[in-house]
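*Asks:* Its first residue numbered 168, the sequence shown is counted upward by one per residue in the numbering used here.
Ideal Cβ placement from N, Cα and C applies to all residues, glycine included.
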Amino acid sequence: MREITITSHSPEQTIALGRALGRQLAGGEVIAIVGPLGSGKTHLIKGIAEGAGAADRREVNSPTFVLVNHYAGRLDLYHIDAYRLDLIAEFERLGFDDLCYPESVVLIEWADRVEPAIAATNPMRITLAHAGPRARTIRIADLPPHVKVPE
């Protein structure tokens with residue numbers, strides 16, 4: 168699978184990258200997103216949701232306490248925040264397997280916390296890291312063939 172690294176210099180650039188990715192999603196994708204607090208995970212997801220036709224970015228927020236947000240549109244988008252999950256069993260009780268179907272996209276923040284439960288889905292992997300006060304390094308790995316990333 169393909170891999171690319173991009174530097175974003177602002178939240179708007181991170182959202183724009185997400186939007187470009189979201190436009191190309193066909194359904195059936197699982198996207199594992201990792202990065203420290205404040206690295207832009209939710210900004211990226213705002214763009215993906217908008218690009219996928221699932222939600223306006225202003226409607227998208229991190230489901231830290233509710234654990235799963237659902238946005239319906241061209242694709243059903245499920246946004247999971249695994250930060251508060253201590254056990255894989257808690258993640259499985261969310262109904263992860265039921266959320267993965269051909270017309271859905273499942274985005275998982277803090278995916279490293281639930282890696283054993285998602286590995287079999289062959290997720291696209293996105294890692295964000297701080298590269299300065301506003302800059303972020305975004306590494307996208309395991310890109311499916313139908314997704315092209317603007318450089």
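With T172 as the anchor, note down where its beta strand (DSSP E) starts and where it stops.
*Replies:* Segment R169 to S175, the beta strand (DSSP E) holding T172.
*Asks:* Sort out for me which residues DSSP pairs H297 with in a bridge.
*Replies:* Answer is R303.
*Asks:* Would you call the segment 281–300 and the segment 237–244 touching, i.e. three or more CB-CB distances under 8 Å?
*Replies:* Result no; under three Cβ-Cβ pairs closer than 8 Å.
*Asks:* What's the gap between the Cα of V197 and the Cα of D264?
*Replies:* The alpha-carbon atoms of V197 and D264 are separated by roughly 11 Å.
*Asks:* Between G194 and L242, how many whole angstroms is the CB-CB distance? I'm expecting something under 8 Å.
*Replies:* Confirmed, Cβ separation roughly 5 Å.
*Asks:* Return the CA-CA distance between S177 and A187, expressed in angstroms with no decimal places.
*Replies:* Cα-Cα distance, rounded: 16 Å.
*Asks:* Let me confirm a value: D253 is counted as buried when at least 16 other C-beta atoms fall within 10 Å, else exposed. Which label applies?
*Replies:* When all chains shown are included, D253 counts as exposed.
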